[in-house]
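Single-structure report; data block below.
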Amino acid sequence: MKPHKQIKDWGLGLTTPLIIAGPCSAETPEQIEQICKEMKEENIVPQLFRAGIWKPRTRPGSFEGVGEEGLRWLEIVRHHLNIPVTVEVGNAAHVELALKHKVDVLWIGARTTVNPFAVQEIAEALRGVDVPVMIKNPMNPDLELWMGALERMYAVGIDKLAAIHRGFSDAYDKRYRNKPNWSMPIHLKREWTGMEVINDPSHIVGRRDGLLEVAQSAMNFGLDGLMIETHHDPDKAWSDAKQQVTPARLKEMIDSIDFKQPLENMKPDERLQDLRRAVDHLDDQLLDILQERFAVIDQIGAHKREHHLTVFQSDRWKEVMDSRTQKGIKKHLSEKFMKELLYCIHEESVKRQEKQLREAEAVKK
Numbered sequence: 001m002k003p004h005k006q007i008k009d010w011g012l013g014l015t016t017p018l019i020i021a022g023p024c025s026a027e028t029p030e031q032i033e034q035i036c037k038e039m040k041e042e043n044i045v046p047q048l049f050r051a052g053i054w055k056p057r058t059r060p061g062s063f064e065g066v067g068e069e070g071l072r073w074l075e076i077v078r079h080h081l082n083i084p085v086t087v088e089v090g091n092a093a094h095v096e097l098a099l100k101h102k103v104d105v106l107w108i109g110a111r112t113t114v115n116p117f118a119v120q121e122i123a124e125a126l127r128g129v130d131v132p133v134m135i136k137n138p139m140n141p142d143l144e145l146w147m148g149a150l151e152r153m154y155a156v157g158i159d160k161l162a163a164i165h166r167g168f169s170d171a172y173d174k175r176y177r178n179k180p181n182w183s184m185p186i187h188l189k190r191e192w193t194g195m196e197v198i199n200d201p202s203h204i205v206g207r208r209d210g211l212l213e214v215a216q217s218a219m220n221f222g223l224d225g226l227m228i229e230t231h232h233d234p235d236k237a238w239s240d241a242k243q244q245v246t247p248a249r250l251k252e253m254i255d256s257i258d259f260k261q262p263l264e265n266m267k268p269d270e271r272l273q274d275l276r277r278a279v280d281h282l283d284d285q286l287l288d289i290l291q292e293r294f295a296v297i298d299q300i301g302a303h304k305r306e307h308h309l310t311v312f313q314s315d316r317w318k319e320v321m322d323s324r325t326q327k328g329i330k331k332h333l334s335e336k337f338m339k340e341l342l343y344c345i346h347e348e349s350v351k352r353q354e355k356q357l358r359e360a361e362a363v364k365k
C-alpha cells in the first residue's frame, strides 16, 4: 500500500492517541458555546471537535441536521478552544460547503461508505484539495468496502487519511448498538501499513454505560484514538441522546483509560522477546502438523477416487466437528474458535480433494 500522511503530519498539531469529542449534532450556537465552556472548565479540551451538520436518518421526519448554518457556529469552537473541527460529509454539495467554511477535517459516515458511487462522488469533489479525510467502517463487516473507500480518496490525491471504527450491524447481538468485531480494524491496520484507526465507542455501545469498557478495549487492541460524542445536556440532545456524555464525564473517562504505548514505538524487553520466540517455535510446530495432516488428507482423497466415494461425507464431518469441538472446550478453547478453525481446515481439505479429482479426470481425458 502506498504511503500516506499520518495524523501527526496533517499540519494541525494533532498527536495520537487522538481524542475527538463534541455533540452528535450541532443544534444551536448556544449549545456549541456551552459545550466549549464546560470543556474548558473541566480541563478536557479535545484535540479535534466533532459536530454533525447533516444527519442521515433511516426514515424521514426525524432531525436531519441544521445544515450550512451549523458550519458558521464552528467558529465558536475555534474562538473558545482554538482547536480544529471536523464534520461528516455525504455528497459533493456537503464537501463544497464544508470547504467553504474552512472545516479542518472531513469524515465519511458508515451509511455513505457502503455506497462506492457516493464515495467516488465525494472523492471527485476533493480532487486536488489538501484536507484530511477520516472514513468510518461500512455498516456491515466488509473490509474490502472500507479499504476501497480509503483507496478512492488516495487515488484523487488525498494522502492525509485515517479510519474510524464504529462497529457493525448485528441483529442478534443485543449488547451493542453496533458490534465491535475487533478483528476488522486490526485487519485494516495489517492490510494498510501505517493506517491509523480511531475508535468510536459512542456508536458501538449506543448508550452511556459501557463506553469506558469499549474505549479501553480499543486502546488494548492498539487503536489510535477515540471519538466520543459529548453534549452539555445529553438527555435533551436532538439526536443520539442515550450515547452522549457531559464534558465532566468525558474527563472522568479519559482520566480512567490506560493509554497503551504501541510496541512499534518502543523496544520490547527481553521477557517479551523470549515469549515471542516461544510463539514462533510453536507456530512452526503447528505448520508442520498441518502439513502432515493434509498429507494424510491427500491419501484419503486418493482412496475416495479409487473407490468412487464422494468428497464430502456428512456423517464423518459431523462426528469430527462435535468431537474436536468438545476436546477443544476441555482445553479451554472457545466453542466459536473451535468451530471456525475446523471449518477452515475442512474447507481446505475439500478443496485439495476436489483438485485431485479434477487432475485425475484430466489425465484420463
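Note that the sequence shown covers residues 1 to 365 in the UniProt record's numbering. Positions of the beta carbon are idealized from the N, C-alpha and C atoms, including for glycine.
- Taking the Cα of N137 as reference, the smallest distance to any Cα among K355, G11 and I186 is reached at I186.
- Between I204 and V197, the beta carbon gap of about 13 Å keeps them out of contact (Cβ cut-off 8 Å).
- Check the Cα spacing between Q47 and each of L150, V87, P3 and T16: the tightest is with T16.
- Within the DSSP bridge table, the entry for H165 names N199 as partners.
- In this structure, I158 places its C-beta atom within 7 Å of the C-beta atom of V133.
- Annotation for A21: the continuous beta strand (DSSP E) segment containing it runs L18 to G22.
- Closest in alpha carbon position to M253, among A26, D274, Q273 and T230, is T230.
- DSSP places E229 inside the beta strand (DSSP E), whose first and last residues are G225 to E229.
- Counting C-beta pairs with one atom in each stretch, the region 322-331 and the region 268-283 have fewer than three that are closer than 8 Å, which means they do not touch.
- A Cβ-Cβ distance of about 6 Å is found for the pair K304 and V311, placing them in contact under the 8 Å criterion.
- For F168 against N199, the beta-carbon gap comes to about 13 Å, at or over 8 Å, which does not count as contact.
- Under the three-state reduction of DSSP, E27 is assigned to coil, being neither helix nor strand.
- Taking a 10 Å sphere around the C-beta of K2, we find fewer than 16 other C-beta atoms and assign the residue as exposed.
- Residues E68 and L71 of the same chain have their beta carbon placed closer than 7 Å to that of L97, with the five preceding and five following residues left out of the count.
- Looking only at V350, D240 and E292, the smallest Cα-Cα distance to C24 is reached by D240.
- For the set R249, R207, V131 and A237, the Cα lying nearest the Cα of K5 is the one of V131.
- Taking a 10 Å sphere around the C-beta of P234, we find 16 or more other C-beta atoms and assign the residue as buried.
- Excluding the 5 residues flanking it on each side, G65 has same chain C-beta neighbours closer than 7 Å at S25, G52, I53, W54 and K55, in chain order.
- CA-to-CA, the gap between E306 and I297 works out to about 14 Å.
- In the DSSP secondary-structure assignment, F49 is bridged to A21 and V85.
- Sorting M338, S334 and I300 by C-alpha distance to the C-alpha of K351 places I300 at the top.
- Boundaries around M134 are those of the beta strand (DSSP E), V133 to K136, since no alpha helix (DSSP H) includes it.
- Contact between the region 75-91 and the region 109-124 is present: three or more C-beta pairs spanning the two stretches fall below 8 Å.
- Residue state for L309 is assigned as coil, using DSSP reduced to three classes.
- In the DSSP assignment, L106 falls within the beta strand (DSSP E) that extends over V105 to I108.
- In this model, A21 and K236 are separated by some 18 Å (Cα to Cα).
- Membership of S217 in the alpha helix (DSSP H) is indicated by the continuous run L211 to N220.
- If only uninterrupted alpha helix (DSSP H) runs of at least 4 residues are considered, those enclosed by the UniProt domain "Chorismate mutase" (266-357) are 270-306 and 314-330.
- Straight-line spacing of the CA atoms in L282 and L290 works out to 12 Å.
- For V114, the three-state secondary structure derived from DSSP is coil.
- Just so you know, the alpha carbons of L357 and V363 end up roughly 10 Å apart.
- Between M321 and F259, the CB-CB gap reaches or exceeds 7 Å.
- Per DSSP, the continuous alpha helix (DSSP H) segment holding A149 begins and ends at L143 to A155.
- Using a Cβ distance threshold of 7 Å, A125 and M153 do not count as a contacting pair.
- When DSSP reads this structure, V245 sits in a beta bridge with T230.
- Looking at the DSSP output, K179 bridges to F168.
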